[in-house]
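Following: one structure in structure tokens, then a few remarks.
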């Protein structure tokens, strides 16, 4: 009889921590915590994770083989040392894997959250079956993950596949990463919303303000999508310009790696063809002709990709 | 007693074809042919290679285990199908490996020339001992090679590590690859010399014309280097601007792959610190701070890197 393997996947996000008990690729139980409650320090988050993981293990009758954790920051793998965390204070070379392993008495693996989304999309999602995959996530941050020669790519220093920090042009606004003109500064959630608000404030006609109840600080990406459907020019231009910038950066990635497929997920990717069309057109126009036809497809696993990827990673633990 | 393995490495360049009989990493015999004699068609080049390889095998007393060949074009590996060749006409999906193997009766491996330079620098040159390496060559073309997770990276479609075809900015001149604003269009041999000539023609004072006997079409990169040493401002600016553009593109590569080291070779790299300093400064200023300190070093193996890489590749043949 084949042994039933259950793992726990944890996806630590800037606003929510998702935990799931996973068997194979099926999520048996899922739980969500507010990150805010634990974000004051790494120690506090560690305590919260221990508590939540233990109760999931109890619910599973103790039959959990390992735990995988995705962190929105730079992680040294396989050591599981968190170098920095973009949206959480105090994370400075925290040996999270060793600490949790000691306290849980279970194998624990810790990796970057976008890496784990990439792992999930590659194993069971939109990136299935290819040898070289580029995965991208469009949200508050713009992240990336690579599968190269059938292996999830990780570097010695932590950063890898930082598509959001590839410069679009020669000059441009400073970025918190240390660079300038980074893609994230143009197409991250904040940048997109700020640009829409400022154009509306300039008097550009649009249906977006109405959708936001005339409160510009309430505008969401979903409202831009809705306005696109209603034929709004500003909304369509917004995704066109974002798509063009994303396409410019992906053209560079495509010339460097010639991946078999590109998978794009994250909240902003919900814009669908309004965003994907200009991305594909730009890559076709700007990448080398031999590779310019690379398929660019939406992610399949939605917002639980990170959790599933963490559980799949745990499945690899020895 | 350990068996002595001898292989033949061949580096097909735009102007010269270099062949070498190699034992371990030592070049026992070397021979150079003019590419022009054979460049009219793939068939003619094939005939020339067969002839030259056979006579090297004879000189070696028949003791050659395999042949490795580097081609300045897109090569499907391991099939050894040459998709296109930048400077040679008629190369359109030529199954060079299969053809040569049949006629020589020996294992033959065919790869892109910059990939083989990368292999050589990685195994016995300036890239020794690292797991993730970026190699770059600055000459007529601007090429690249990656070692990722201890394996030379090759894509399914042929192009890989095409650093010369990463766009510097959003807009820029058309490139023969299908893209725009490619690094090669700014820092390839031709672009550098054209820029120097046009500035001199504009009346920018410089010592370069004197070094070229006042014949602007005789200017070489070496004369620019010599002028740098003599304090020439135009010459120094030329390498500074080229270094800045190279640094901008390498910053992108560094953020995507976080390599352990970057090795730069090719004719233009002889400019030394005049070129390497602005490259390093730009990477330090523009890459993510965690990876901006990546060592950027000159290649070690000089112009025989391609030949040695081809021979090393042959050593891997089964």
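Protein chains in written order, with my numbering: chain A, 2 to 319; chain B, 2 to 319.
By construction, the Cβ of each residue, glycine as well, lies at the ideal position given by its N, Cα and C atoms.
What you are looking at is a predicted structure, and each value in this text was computed from that prediction instead of being measured.
- For the stretch 246-275 of chain A, the set of positions with a beta-carbon nearer than 9 Å to some beta-carbon of chain B reads 246, 249, 250, 252, 253, 254, 255, 256, 257, 258, 259, 260, 261 in chain order.
- For residue 35 (chain B), the enclosing beta strand (DSSP E) begins and ends at 27-35.
- Looking at the DSSP output, residue 145 (chain B) bridges to B:137.
- Rounded to whole angstroms, the separation of the alpha carbons of residue 42 (chain A) and residue 269 (chain A) is 29 Å.
- By the Cβ criterion, the stretch 196-215 of chain A is not in contact with the stretch 164-178 of chain A, since fewer than three pairs of Cβ atoms, one from each stretch, lie closer than 8 Å.
- Within 10 angstroms of the beta-carbon of residue 216 (chain B) lie fewer than 16 other beta-carbons, which makes it exposed.
- Restricting attention to B:75, B:15, B:259, B:26, the CA atom closest to the CA of residue 132 (chain B) is found in B:259.
- When rounded, the separation of the alpha-carbon atoms in residue 161 (chain B) and residue 183 (chain A) is 23 Å.
- Look at residue 90 (chain A) here: in three-state DSSP terms it is coil, with no helix or strand label.
- Remark: C-beta atoms of residue 70 (chain B) and residue 11 (chain B) approach each other more closely than 8 Å.
- The Cβ-Cβ distance between residue 209 (chain B) and residue 235 (chain B) falls below 8 Å.
- For residue 170 (chain B), there is no enclosing alpha helix (DSSP H), as DSSP gives it neither H nor E.
- Proximity of residue 133 (chain A) to chain B, defined by a Cβ-Cβ separation below 8 Å, is satisfied.
- Rounded to whole angstroms, the gap between the alpha carbons of residue 294 (chain A) and residue 286 (chain A) is 10 Å.
- Residue 51 (chain A) has its alpha-carbon roughly 8 Å from the corresponding atom of residue 104 (chain A).
- For residue 146 (chain A), the closest C-alpha among the options A:112, A:27, A:35 is that of A:112.
- For residue 298 (chain B), the closest alpha carbon among the candidates B:187, B:273, B:291 is that of B:273.
- Within a 10 Å sphere around the beta-carbon of residue 110 (chain B) sit 16 or more other beta-carbons, which makes this residue buried.
- Fully contained in the stretch 57-109 of chain A are the following alpha helix (DSSP H) runs of length 4 or more, in chain order: 97-105.
- Closer than 9 Å at the C-beta level to chain A, one finds no residue of the stretch 37-55 of chain B.
- With contacts defined as CB atoms closer than 8 Å, residue 248 (chain A) and residue 284 (chain A) qualify as a contacting pair.
- Exposure of residue 206 (chain A) is indicated by the presence of fewer than 16 other C-beta atoms within 10 angstroms of its C-beta.
- Looking from the CA of residue 219 (chain A), the closest CA among A:136, A:238, A:191 belongs to A:191.
- What residue 149 (chain B) touches in chain A, judged by beta-carbon distance under 8 Å, is 149, 150, 154, going in chain order.
- Taking 8 Å as the upper bound for CB-CB distance, residue 117 (chain A) and residue 303 (chain A) are not in contact here, some 14 Å apart.
- The alpha-carbon of residue 32 (chain B) is positioned some 13 Å away from that of residue 49 (chain B).
- At a cut-off of 8 Å between C-beta atoms, residue 75 (chain B) counts as an interface residue with respect to chain A.
- DSSP, read as helix, strand or coil, puts residue 9 (chain A) in strand.
- Within the stretch 177-221 of chain A, the alpha helix (DSSP H) runs of at least 4 residues that lie entirely inside it are, in chain order, 185-188, 190-202, 209-212.
- Around the beta-carbon of residue 83 (chain A), 16 or more other beta-carbon atoms lie within 10 Å, marking it buried.
- When the five nearest sequence neighbours on each side are left out, the beta carbons in the same chain lying within less than 6 Å of the beta carbon of residue 88 (chain A) are those of 15, in order along the chain.
- In terms of beta-carbon proximity, residue 120 (chain A) stays away from the interface with chain B, with every pair separated by 8 Å or more.
- Here residue 299 (chain B) carries a strand assignment [DSSP, helix/strand/coil].
- For residue 230 (chain B), the closest Cβ of chain A is not nearer than 8 Å.
- Taking the Cβ atoms as the reference, residue 134 (chain B) lies roughly 6 Å from residue 262 (chain B), within the contact range of under 8 Å.
- Taking a Cβ-Cβ cut-off of 8 Å, the neighbours of residue 289 (chain A) in chain B comprise 160, 163, 166, 178, 179, 180, given in sequence order.
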